[in-house]
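Okay, so here's the structure we're looking at.
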Amino acid sequence: MTLFKEKYRIESARRPGWDYSAAGYYFVTLCTKNRIRHFGRVINGDLELTPIGEVVVEEWIRTGELRPNVELDEWILMPNHMHAILVITHPVPPKETTDKKIPAPSRLIANSLGSIIGQFKGACTKRIMNGIEPEFGWQTRFWDRVIRDQAELNRAQIYIRNNPLKWEADHNNPPGLYM
1 MTLFKEKYRI ESARRPGWDY SAAGYYFVTL CTKNRIRHFG RVINGDLELT
51 PIGEVVVEEW IRTGELRPNV ELDEWILMPN HMHAILVITH PVPPKETTDK
101 KIPAPSRLIA NSLGSIIGQF KGACTKRIMN GIEPEFGWQT RFWDRVIRDQ
151 AELNRAQIYI RNNPLKWEAD HNNPPGLYM
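When you number the sequence shown by this note's numbering, it's gap-free, plus one each residue, and the end is 179.
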């Protein structure tokens with residue numbers, strides 16, 4: 001950890017020099033805050049969804065429907081986390097604006113992996129907190145890996161498919177954290 005303005009900050013987990021709006025396959029993992037099992041429970045290798053889990057599934061599907069440059073590959077929702085392979089099919093050029101206001105600078109690039117995941121998490125959180133569970137939250141960051149070749153894609157897809165079968169031994173399944 002490094003100091004910035006006399007405070008420690010966590011280093012970025014992103015791949016240095018990589019354009020996260022570039023076309024490619026991205027393996028992502030998102031977790032709930034404190035790994036609370038908000039999404040459901042695994043029974044005989046299948047996830048029985050809670051109403052919160054249903055919202056997350058709906059919003060994930062909408063993520064692919066709303067964005068012409070995004071395809072959803074393999075994905076799985078688990079009790080307190082989600083694994084997914086998101087495909088950015090092509091970069092989207094920035095929109096031209098006629099607005100005279102100068103936009104506030106942002107570290108996020110529009111249509112990048114970070115902005116897509118941020119919008120997904122925001123849409124889920126808004127719906128969940130407004131109607132189901134006001135204490136719901138996501139872990140602040142998310143884990144990602146740029147998939148570099150077909151063999152790596154195949155391994156990630158198999159990992160995702162087999163995830164429910166390994167739930168009891170999963171590191172995201174700590175004892176004592178229940179819905």
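C-beta atoms are modelled at their ideal positions from N, C-alpha and C, and glycine is treated no differently.
Query: With DSSP as the reference, label Y159 as helix, strand or coil.; Result: helix
Query: Closest by CA to R165, which one among I76, P91, S112?; Result: For the record, residue 165 in the displayed sequence is Leu; it is not Arg. Of the listed residues, the one whose Cα sits closest to L165 is I76.
Query: One question on the structure: do M78 and N163 come within less than 8 Å of each other, judged by their Cβ atoms?; Result: yes
Query: Would a C-beta distance cut-off of 8 Å place N69 and I36 closer than the cut-off?; Result: no
Query: Taking its Cβ as the centre, do 16 or more other Cβ atoms sit within 10 Å of A156, making it buried, or is it exposed?; Result: buried
Query: Tell me the rounded alpha-carbon separation between D19 and I52.; Result: 32 Å
Query: Got a sec, what are the start and stop residues for the alpha helix (DSSP H) R62 sits in?; Result: 51–66
Query: Could you compute how far the alpha carbon of L200 sits from the alpha carbon of T140?; Result: Any question about residue 200 goes unanswered here, given that the chain covers just 1 to 179.
Query: Just the C-alpha distance for A151 and G24, rounded to the nearest angstrom, thanks.; Result: 14 Å
Query: With a threshold of 16 other CB atoms inside 10 Å of the CB of W143, please say whether the residue is buried or exposed.; Result: exposed
Query: For the beta strand (DSSP E) containing F120, list its first residue and its last residue.; Result: Segment 113–131 is the alpha helix (DSSP H) holding F120; no beta strand (DSSP E) there.
Query: Is the distance from the Cβ of E71 to the Cβ of F120 below 8 Å?; Result: no
Query: Exposed or buried, which one is T89 when buried takes at least 16 other CB atoms within 10 Å?; Result: exposed
Query: Near C124, what residues of its chain come up, given a Cβ to Cβ distance below 8 Å and the 5 sequence neighbours on each side ignored?; Result: V55, V56, E59, W138
Query: For R37, which of helix, strand or coil comes out of DSSP?; Result: coil
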